[in-house]
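To convert, count from 1 in the sequence shown and add 1235; that's our numbering.
Here's the structure we're looking at; comments come further down.
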Amino acid sequence: PPAAVFMELCDQMGFLVMSEFSDVWKKSKTKYDYARFFEEWAERDVASWVRRDRNCPSLIMWSIGNEIYDTHADYDDGAATLRFLAGEVRRHDPANNAEITICSNYLPWENTQKCADILKLVGYNYADNLYAEHGAKFPDWKIYGGETAAIVQSRGVYHFPLSKALLADDDQQCSALGNSATSWGAKSTEAVIAAHEDNMGQFIWTGFDYIGEPTPYHTKNSYFGQIDTAGFVKDSFYIYKAAWTDKTVLHLYPYWDWSPGQPIDVRIASNAPKTELFLNGKSLGTGRDFVVPYKAGVLKAVAYDENGRIIAETQRKSFGDAENLAVDIVQHGELAFVEITAVDIDNNPVENANNRVIIDMKNGELLGLDNGDSTDYDQYQNTNHRRMFNGKLLAIIKKDSQDKANFTLSFDKNDIPIRKIELARDGHQVSAKIHPPNATEADIKWRLSDAAGIDTPLATLAVDVLVKSGASLKFKGDGEVFVRCYTDKIISVLPIQIEGYGKPFPDPYSFISGGLYNAGNDTVTNGNERGIATARDRESIVGFTDLDFGKYGADEITLWLFPLSGEPFDFEIWQGLPNDGKLLLNAHYDKGTIWNTYKEVTYKLSERLRGIQNLGFVFRQKVHIKGFRFKSKTYEKIPFAAHDSIYGDSYKITDPAVEKIGNNVTISFAKMHFENPTDALEIVWRSHLPQNTIRLMFTDDDGEEFMNMLTLPESTEYSQKKLALQTPLKGKGQVSFIFLPGSEIDLEYLQFHDIIKIQRS
């Protein structure tokens, strides 16, 4: 139940309130929740709750439960509890000042539908896809959105491109561009508005950010709000404002300070009949969404009425480094809310500044500082300094007895973070320029990814170890890659299109992110850590195409799963997809669940996958899939007949061996991945020669070669021997056995040994 002062404010300000009793009844959700006290305390707690607020004019609904598992798990008991609570509410609110309701995420299932039918006033949590179906099925119900949206966004953070759903990224922030959506929520803010615009009420989750529930990360506070914890509005605030007010709304985002030529998704939030975008005075067309190559200057949006008359204008200007601080003070009684904004030399807001600001109080008391950053663990109180977050900081100051508060502001010259990384490309070289140039934290990191931030095999990136401000590219396959240069707070990306290098085939022996799925049905949504999530109430088919298992293949898969329910479940693993493939395993999961935490599970398939294959998974419950990886042949006992290539003057393949190996023969094994280095090779051979010399060549994925010389003595029968390697092998690449003139040997098996595993054993 809300605090009394909350209800008083809503009465004064005209808000409408659904007051909630509890989100748990008899069946617990967590170890220490209200279920421990329900039987003894529910009757008295309902009386206190209802009697305190029953005459509040803001009150419109009593919610006796939210997402109550009792209604789903056991209809008889759940319905009995619902009738008990509803009866107690009506006993203490006999004038029927507010209607009784429940809200639930279990409405796809029959038991909760039967419980809801008792009240017929029902809040649907993240189930707008059911409105039309259930409206027809239950025509006497009143349906509303009990919890909707659950879109996540960090103020002033933009992860490009807009066309790619990006729930998680390296900075532990969520994109305010509109492309960060949770697995259970709406696809976008616009989508959730559209789903409820036909006289359908809704409660969006949420208005403000709040401490706790930092989905999708393990940070400090939530990202759900349209307003951050410091009270600063996010871009999505204006989308709702445009939909929910009659006043003209025109908002342009993101800010305008990027790398020259970088394609920037530009968006306009407005309720005007027509909007037009201009860059440096030149029209870029009408509409709401644009992709604009960055060029310094002024980006302007203009709104027109039905007759083509201008009714509003707004703009974003390029800016420089932070030079000064501007303040805007709002007084509420004895409290002053001081909004601090970084500005450049021309007094333009520096909307990506993260400088640390020091506040020196002359009169009055500094009560707290906040910047709205979910990743900032500095204390709110008992400190006079804090970093800004994307150009803003809030200070709350209390007047002293003289009815005034005086203070001075300054930048901390010893703590100057990077606010921008400007990337430029010249052929295969990429350079990075940091802003401001005098940043005290100048360490930057580099990575290659796809549009979703997932590591890509299409190219490699070598960083200049001396200056770290430059890197060189080496292309390997066709497609789009993104050069990422970043710190813990700032991410800069440069998209590059690669052509002429051939079709890429993903390596299943390396980790395959769930976000790389490219086949299946349309029930898949964003998952944590760049993974994916399946549907909660429908069958989800997730497919990955053109995986290259090589000639030897694999039959053991490891997955990383985070199910939302702790109950055991089964899922299917297919070679190909259902109706067009072969079922390899009915897999069973029984490792429970920890919120936002993936569990590692390994399964043995019914047969080995070889060559180029498609892989499919079928789930019938809500599960986050971080990704998977197959057990590599690298440390297995591999028959020489299972090579990936062989050429030379003379040899005979007898399976499992390659026999009569003579002059100038090379036998190669591709896709070897020495995650831990190896310095030992076990080999099974025979030869009538007194001494056999073999060159063992390892060529890593960057083309660097490492040579070892092996010597095997005479053996008339197949024998086994462990050989020490002078040069340990590590990383990914190809192993080749090269036989010089005069060779004559039969080879049956090889097996590399993991140094770390040997040491542990």
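Note that the Cβ used here is the ideal one computed from N, Cα and C, for glycine as well.
Given the structure is predicted, the values throughout are model-derived calculations rather than measurements.
*Rounded to the nearest angstrom, how far is the Cβ of Pro-1998 from that of Ser-1254, given a contact under 8 angstroms?*
For the chain, the structure presents residues 1236 to 1996; residue 1998 sits outside this window and is missing.
*Could you spell out where the beta strand (DSSP E) holding Tyr-1529 opens and where it closes?*
Segment: none, Tyr-1529 is in no beta strand (DSSP E) and carries neither H nor E.
*His-1923: buried (16+ other C-beta within 10 angstroms of its C-beta) or exposed?*
Burial call: exposed.
*Tell me whether the beta-carbon of Leu-1751 lies closer than 7 angstroms to the beta-carbon of Val-1716.*
Taking 7 angstroms as the Cβ cut-off, Leu-1751 and Val-1716 do not qualify as a contacting pair.
*Could I get the ranges of all uninterrupted beta strand (DSSP E) runs contained in the region 1344-1409, with 3 residues as the minimum, in chain order?*
Complete beta strand (DSSP E) runs here, min 3: 1356-1360, 1377-1384.
*Going straight from the alpha carbon of Arg-1773 to that of Lys-1906, what length do you get?*
Arg-1773 and Lys-1906 have their C-alpha atoms spaced approximately 37 angstroms apart.
*Are Cys-1350 and Thr-1306 touching if we call contact CB-CB under 7 angstroms?*
Cβ distance < 7 angstroms, so Cys-1350 and Thr-1306 count as in contact.
*Given a threshold of 16 other Cβ atoms within 10 Å of its Cβ, counted over all protein chains shown, does Gly-1447 qualify as buried or as exposed?*
For Gly-1447, the number of other beta carbons within 10 angstroms of its own is below 16, and it is reported as exposed.
_Helix, strand or coil at Leu-1844 [DSSP, three-state]_ = Strand, per DSSP.
*Answer yes or no: does any C-beta atom of chain B fall closer than 7 angstroms to that of His-1878?*
Of the chains in the structure shown, none is chain B; there is only one protein chain.
*State yes or no: is the C-beta of Gln-1407 within less than 7 angstroms of the C-beta of Thr-1480?*
Between Gln-1407 and Thr-1480, the CB-CB gap reaches or exceeds 7 angstroms.
*Could you tell me if Met-1942 is buried or exposed, where buried requires 16 or more neighbouring beta carbons within 10 angstroms of its beta carbon?*
Note on Met-1942: under 16 other CB atoms within 10 angstroms of its CB, so exposed under the neighbour-count rule.
_Endpoints, the beta strand (DSSP E) within which Ile-1299 is located_ = That run of the beta strand (DSSP E) goes 1294-1301.
*Cutoff 6 angstroms; reference Val-1718; Cβ partners in own chain excluding five residues on either side*: Here the set comprises Val-1665, Leu-1729.
_Would Leu-1782 and Pro-1743 be called neighbours here (beta carbons separated by less than 7 angstroms)?_
Taking a C-beta distance under 7 angstroms as the contact criterion, Leu-1782 and Pro-1743 qualify as a contact pair.
*Using the rule of at least 16 other Cβ atoms within 10 Å of the residue's Cβ for burial, across every protein chain shown, is Gln-1926 buried or exposed?*
Per the 10 Å Cβ criterion, exposed.
_Beta-carbon contacts of Gln-1437 that lie in its chain and below 6 angstroms, excluding the five residues immediately before and after_ = Excluding residues within five positions, the ones whose Cβ falls inside 6 angstroms are Gly-1380, Thr-1383, His-1431.
*Below 7 angstroms between beta carbons: does that hold for Asp-1463 and Gly-1688?*
Cβ distance not < 7 angstroms, so Asp-1463 and Gly-1688 don't count as in contact.
_Would the region 1614-1622 count as touching the region 1565-1577 if we require 3 or more Cβ pairs under 8 angstroms?_
Contact fails: fewer than three Cβ-Cβ distances are below 8 angstroms.
*Do Gly-1897 and Phe-1746 have their C-beta atoms closer together than 7 angstroms?*
Taking 7 angstroms as the Cβ cut-off, Gly-1897 and Phe-1746 do not qualify as a contacting pair.
*Going by CA-CA distance only, name the one from Phe-1443, Ser-1471, Ser-1283, Ala-1465 that's closest to Ser-1423.*
Ranked by how close their Cα comes to the Cα of Ser-1423, the residues Phe-1443, Ser-1471, Ser-1283, Ala-1465 have Ser-1471 in first place.
_My output table needs one value for Gly-1816: the three-state DSSP class, helix, strand or coil._
The DSSP-derived three-state label of Gly-1816 is strand.
*Check whether the Cβ atoms of Ala-1324 and Ser-1293 sit closer than 7 angstroms, and answer yes or no.*
Sequence inspection shows Val at residue 1324; the Ala mentioned does not correspond to that position. Going by C-beta atoms, Val-1324 is not nearer than 7 angstroms to Ser-1293.
*Can you name, in chain order, every residue of its own chain whose Cβ lies under 6 angstroms from the Cβ of Ile-1439, other than the five neighbours on each side?*
The beta carbon of Ile-1439 is closer than 6 angstroms to those of Thr-1383, Ala-1384 in its chain, skipping five residues each way along the sequence.
*Segment limits, alpha helix (DSSP H) that includes Ile-1733*: Judged by DSSP secondary structure, Ile-1733 falls outside any alpha helix (DSSP H) and instead within the beta strand (DSSP E) spanning 1726-1733.
*For the alpha helix (DSSP H) holding His-1327, just list the boundary residues, first then last.*
Segment 1310-1327, the alpha helix (DSSP H) holding His-1327.
*Closest by CA to Leu-1975, which one among Val-1893, Lys-1476, Asp-1884?*
Nearest C-alpha to Leu-1975: Asp-1884.
_On a Cα-Cα basis, can you pick out the residue from Phe-1250, Val-1240, Ser-1298, Asp-1246 that is closest to Asp-1258?_
Cα-wise, what sits closest to Asp-1258 is Ser-1298.
*Return the first residue and the last residue of the alpha helix (DSSP H) that Tyr-1473 is part of.*
It spans 1470-1479 - the alpha helix (DSSP H) in which Tyr-1473 sits, taken as one unbroken run.
*When the Cβ atoms of the region 1863-1883 are set against those of the region 1980-1991, are three or more pairs found closer than 8 angstroms?*
When Cβ pairs closer than 8 angstroms are counted between the two stretches, the region 1863-1883 is seen to touch the region 1980-1991, the count reaching three or more.
_C-alpha gap between Arg-1759 and Leu-1534, whole angstroms_ = According to the sequence displayed, residue 1759 carries Val and not Arg. Taking the straight line joining both Cα atoms gives about 36 angstroms.
_Using DSSP's beta-bridge definition, name the partner residues of Thr-1643._
DSSP lists Asp-1595 as partners of Thr-1643.
*Beta-carbon gap between Asn-1589 and Pro-1652 smaller than 7 angstroms*: Result yes, Cβ atoms of Asn-1589 and Pro-1652 sit closer than 7 angstroms.
_On the DSSP bridge list, what partners appear for Ser-1748?_
Gly-1862.
*asked:* Quick check: Ile-1881 and Ile-1847, are their CB atoms within less than 7 angstroms of each other?
replied: Taking C-beta atoms as the reference points, Ile-1881 and Ile-1847 fail to come closer than 7 angstroms.
*Does the pairing of the region 1329-1340 with the region 1265-1280 give three or more beta-carbon distances under 8 angstroms?*
By the C-beta criterion, the region 1329-1340 is judged not to be in contact with the region 1265-1280, since fewer than 3 inter-stretch pairs fall below 8 angstroms.
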